[in-house]
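In UniProt numbering, the protein residues as written are 1 to 126.
Beta carbons: idealized from backbone N, C-alpha and C, even for Gly.
These numbers were taken from a predicted model, which means no experiment stands behind them.
Here is the structure:
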């Protein structure tokens, strides 16, 4: 499944896929794509909503720990780790679980391609 996603999205310049070193074997418990918003005419929220309209179950992982509701009582505020916050605002976790059929995977691929190509920035191809 992860290999199918990576192969399908390699031509989409507005999407960065996970990279696995050749000497590493991933368990692929998550497949997180990074949206290059500078190449898109939409933010993650709009992309996420459009993929949900396409009936794709998504999630967002890796909230910066200090922004997690459990830790709010400690007084941490936005802005202390701007790179972590920026990354968090640009990632989407795609469906990846053992019960997915080949058609399920293809449905995700088709939806991501459709939405990313729809929201590509003016004058940008891919």
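Near residue i, what residues of its chain come up, given a Cβ to Cβ distance below 7 Å and the 5 sequence neighbours on each side ignored?
{"i": "residue 6", "result": "17"}
{"i": "residue 96", "result": "1, 2, 28, 30, 31"}
Nearest to residue i by alpha carbon, out of the options?
{"i": "residue 35", "options": "9, 28, 25, 26", "result": "9"}
{"i": "residue 119", "options": "41, 78, 21", "result": "41"}
{"i": "residue 4", "options": "88, 58, 102", "result": "102"}
{"i": "residue 68", "options": "33, 88, 38, 51", "result": "88"}
{"i": "residue 58", "options": "78, 39, 43, 33", "result": "33"}
{"i": "residue 93", "options": "23, 38, 51, 61", "result": "61"}
{"i": "residue 121", "options": "43, 22, 11", "result": "43"}
{"i": "residue 91", "options": "78, 53, 37", "result": "37"}
I'd like the list of long-range same chain contacts for residue i, defined as Cβ closer than 8 Å, with 5 residues on each side in sequence excluded.
{"i": "residue 81", "result": "64, 66"}
{"i": "residue 76", "result": "66, 67"}
For residue i, count neighbouring Cβ atoms within 10 angstroms of its own Cβ and tell me buried if that reaches 16, exposed if not.
{"i": "residue 71", "result": "exposed"}
{"i": "residue 108", "result": "buried"}
{"i": "residue 15", "result": "buried"}
{"i": "residue 20", "result": "exposed"}
{"i": "residue 105", "result": "buried"}
{"i": "residue 117", "result": "exposed"}
Indicate whether the contact test is met: 3 or more Cβ pairs, each with one atom in the segment 104-119 and one in the segment 46-54, closer than 8 Å. The segment 104-119 vs the segment 46-54: in contact.
At which residue ranges does the segment 4-65 contain complete beta strand (DSSP E) runs of 3 or more residues, listed in the order of the chain? 31-35
Tell me whether the segment 19-27 and the segment 84-98 touch, counting them as touching only if at least three CB pairs, one residue from each stretch, are closer than 8 Å. no
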